[in-house]
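Under the working numbering, residue 509 is the last one in the sequence shown; the count climbs by one each step, no gaps. Worksheet for the structure shown next.
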Amino acid sequence: MHHIGPYPVNGRIHFSTGTNLNGMPQNERLENELLSRLYPIIEEYLQKSADSETPVVEYRDPGELQDLIDFELPEEGVSEAALMDLVESYLKYSVRTGHPQFLNQLYQGFNLPGFVGEVISALTNTSMYTYEVAPVATLIEQEMISKMCSALGFDSSEGIFLPGGSNANMTALLVARNQKMPSIKSDGVSRPMALFVSDQAHYSFEKAANILGLGINSVIKVATDSLGRMIPEELDRAVQKSIKSGSTPFFVVATAGTTVLGAFDPISGITDVAARHNLWLHVDGALGASVILSAKYRHLLHGIERADSVAWNPHKTMGVPLLCSALLLRENGILALCTSCDHGDYLFHDEESLDLGKKSLQCGRRVDALKLWLSWKYFGDKGYDQRITRLFSLADYAGERISSASDMKLVSPVQSFNVCFQYDPGGLDEEALGSLARNIREHMLRSGKSIVNYATVNGQTAIRISFINPDLTEQDIDVFFENVRSAAQQLTRIA
Ligand SMILES: Cc1ncc(COP(=O)(O)O)c(C=O)c1O
Numbered sequence: 015m016h017h018i019g020p021y022p023v024n025g026r027i028h029f030s031t032g033t034n035l036n037g038m039p040q041n042e043r044l045e046n047e048l049l050s051r052l053y054p055i056i057e058e059y060l061q062k063s064a065d066s067e068t069p070v071v072e073y074r075d076p077g078e079l080q081d082l083i084d085f086e087l088p089e090e091g092v093s094e095a096a097l098m099d100l101v102e103s104y105l106k107y108s109v110r111t112g113h114p115q116f117l118n119q120l121y122q123g124f125n126l127p128g129f130v131g132e133v134i135s136a137l138t139n140t141s142m143y144t145y146e147v148a149p150v151a152t153l154i155e156q157e158m159i160s161k162m163c164s165a166l167g168f169d170s171s172e173g174i175f176l177p178g179g180s181n182a183n184m185t186a187l188l189v190a191r192n193q194k195m196p197s198i199k200s201d202g203v204s205r206p207m208a209l210f211v212s213d214q215a216h217y218s219f220e221k222a223a224n225i226l227g228l229g230i231n232s233v234i235k236v237a238t239d240s241l242g243r244m245i246p247e248e249l250d251r252a253v254q255k256s257i258k259s260g261s262t263p264f265f266v267v268a269t270a271g272t273t274v275l276g277a278f279d280p281i282s283g284i285t286d287v288a289a290r291h292n293l294w295l296h297v298d299g300a301l302g303a304s305v306i307l308s309a310k311y312r313h314l315l316h317g318i319e320r321a322d323s324v325a326w327n328p329h330k331t332m333g334v335p336l337l338c339s340a341l342l343l344r345e346n347g348i349l350a351l352c353t354s355c356d357h358g359d360y361l362f363h364d365e366e367s368l369d370l371g372k373k374s375l376q377c378g379r380r381v382d383a384l385k386l387w388l389s390w391k392y393f394g395d396k397g398y399d400q401r402i403t404r405l406f407s408l409a410d411y412a413g414e415r416i417s418s419a420s421d422m423k424l425v426s427p428v429q430s431f432n433v434c435f436q437y438d439p440g441g442l443d444e445e446a447l448g449s450l451a452r453n454i455r456e457h458m459l460r461s462g463k464s465i466v467n468y469a470t471v472n473g474q475t476a477i478r479i480s481f482i483n484p485d486l487t488e489q490d491i492d493v494f495f496e497n498v499r500s501a502a503q504q505l506t507r508i509a
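Put into structure tokens, the structure is as follows:
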């Protein structure tokens, strides 16, 4: 008997006997080496990730990693046992992003239902373009879009899952551009257009302006207040200036949760300006749209129900494995109009069918809604309310610890999930404090103690902690500050 791929025998998964995965002769085995070794490896990895005694990373420079792992591809395929050795090496030197001392990026922690969804997406390996190849996934995606839209207060709405917040922002810009000037879809951009973001907005808008033929110079940065929130009057002034210069303003972004400070732009004030000038209002809620699920903090998104579109990344504060992002639009029926083209009849056979691919820029698209659906089923609305609210408490706790310490200072007040601070032993000027912040971070990374990022805040280099993992404890935060102090002491000793 010769099977290609796995087949079930007595309820266990086996691969064909007599050949291995490469079709090479091999002794009969009762079960497949890949799968039987995988589960204990995953278990051990998860146990270590949850243990604060385990380093968050066994950091190696690229040259050292090249010596430790055989990256080159062989002419003859390797055995399944050798493949699993490679998997173990991969895990050994990778960053444990579920570890309580991984506070670096805007994804953290480990969400088991989301992980199961990710595995099942890979297992069923299908694409979201047509209903016929993704029937259950299509209905799940529709359910998630409708749930997220109704949470935002959108009535007759639509949306799509896409690969990342940058992509969601770009698709919103495309839709707004084509709505403003429908001829652009066939003829291209023929005159200068302008879009407005705060000076704290994510860089994806410049990338999108480049891709969409608007040019990076079409992105106008609007001044923010001392907390990094866009000032609506400054927006109004910038729009008028751009009209005078002969440009056509069409799009404004309110950021809900800026990348560095976690600031929330005043959506209502920005909406008023947008309405006055007939601008499309997009909310970049990649980081903070999920705050709508927190009864205590949803006031930060006041006015979001009037937005034309919202980018929302469940892979950030909802803890769903990367990637999981959605673009949500208040009005139904525009997306396909702006993204579709006349061809594709080889794939889309039926006008009436529920083929989500007609709305997406990609052809093949992963099933990213499943992991969010399973997570949301598991935690429920109440669980997510608590989880999002918890992030604010963790950030507040960290802020209080910094404010009450004699050797640390906040460089900006805590507003949501992000905390920006400097280690300040006294007697150092701004430049020295900045380089100390960078060195502390580097030291903690290389020693595998904690991973955290740094950024420039009001001209000062500060360590930025992001609280994205609600399963952290106050004790984990205390350990982090101990690690900061111990790194600072070791650096002083070295100096
Ligand atoms: C405010 C904001 N918008 C957009 C993005 C881009 O999201 P993605 O990394 O999913 O492309 C980020 C990423 O950190 C972000 O912080």
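Cβ atoms here follow ideal geometry from the backbone N, Cα and C, with glycine treated the same way.
If you draw a straight line from the alpha carbon of T272 to that of S418, how long is it in whole angstroms? 26 Å
Excluding the five sequence neighbours on either side, which residues of its own chain have a C-beta within less than 7 Å of the C-beta of G178, listed in chain order? L337 and S339
Rounded distance between the beta-carbons of F219 and V267, thought under 8 Å: 6 Å
Please confirm whether any heavy atom of ligand 1 lies closer than 7 Å to the CB of S180. yes
Report all residues from its chain with a CB closer than 6 Å to the CB of Q504; omit the five preceding and five following residues, and keep chain order. none
Let me know if T475 comes out buried or exposed under the rule of 16 or more other beta-carbons within 10 Å of its beta-carbon. buried
Hey, out of Q80, R205 and Q436, whose CA is closest to V466's CA? Q436
N483 CB to nearest heavy atom of ligand 1 below 7 Å: no
Distance between H457 and T353 (C-alpha atoms, nearest Å): 47 Å
If we require 3 or more residues per run, which beta strand (DSSP E) segments fall completely within the region 271–307? 294–299
Can you check which of these residues, M184, G448, A252 and G202, is closest to S212 by C-alpha distance? A252
Beta-carbon proximity check, L241 vs S407, cutoff 8 Å: no
Just to check, is the beta-carbon of T185 closer than 7 Å to a non-hydrogen atom of ligand 1? no
Is K423 helix, strand or coil by DSSP? strand
What does the alpha-carbon distance come out to for the pair L52 and N483? 26 Å
For A300, verify whether its CB is less than 7 Å away from any heavy atom of ligand 1. yes
For ligand 1, is there a heavy atom less than 7 Å away from the beta-carbon of G271? yes
Give the C-beta separation of F494 and S464 to the nearest angstrom, bearing in mind that I take them to be a contact with Cβ-Cβ under 8 Å. 5 Å
What residue from A190, T68 and E58 has the CA that sits closest to E102's CA? E58
6 Å CB neighbourhood of L44 in its chain, flanking five on each side removed: Bear in mind that a pLDDT of 41 at L44, under 50, signals an unreliable position, so the number given afterwards is only what the model happens to contain. Hits under 6 Å: none found.
With a threshold of 8 Å, are at least 3 pairs of Cβ atoms found where one atom belongs to the region 131–146 and the other to the region 373–393? yes
Ligand 1 heavy atoms versus the CB of H216: any closer than 7 Å? yes
Tell me the DSSP secondary structure of Q115 in three-state form. coil
Have a look at P328, P54, I174 and H113 and flag the residue whose alpha-carbon is nearest the alpha-carbon of K373. I174
Looking at the strands, I want to know which residues DSSP matches up with L342. G173 and V324
Could you give the residue range of the alpha helix (DSSP H) that holds Q214? Premise fails: Q214 is in no alpha helix (DSSP H) and is neither H nor E.
Are the region 326–336 and the region 358–377 touching by the rule of at least three beta carbon pairs closer than 8 Å? no
Can you name the start and end residues of the alpha helix (DSSP H) that A136 belongs to? L126 to T138
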